[in-house]
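In our numbering, the protein residues as written are 1 to 74.
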């Protein structure tokens, strides 16, 4: 289970972000409020993750706790 990601923000859209962690891009579903808190593409970000596993998909979501704890460093 993935519980935390820290890396460079490669892409952000209103409902998802892609975070590069050691050369692997993780697509994370985000709420609109997190979109505005993330900062610019290329910035360093860290976030707590909820891993949602279904029969047909594995989804990474910003945890509710993390939505208020997005860390952006210069």
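Cβ coordinates follow ideal geometry from the N, Cα and C atoms, glycine included.
- For the candidate residues 50, 15, 26, whose alpha-carbon lies nearest to that of residue 37? 15
- Item | Secondary structure of residue 37, DSSP reduced to three states | helix
- Query: Thinking just about the alpha-carbon of each residue, which of 11, 25, 34, 31 is nearest to the one in residue 5?
  - Reply: 25
- Cα-Cα separation between residue 40 and residue 60, rounded to whole angstroms: 21 Å
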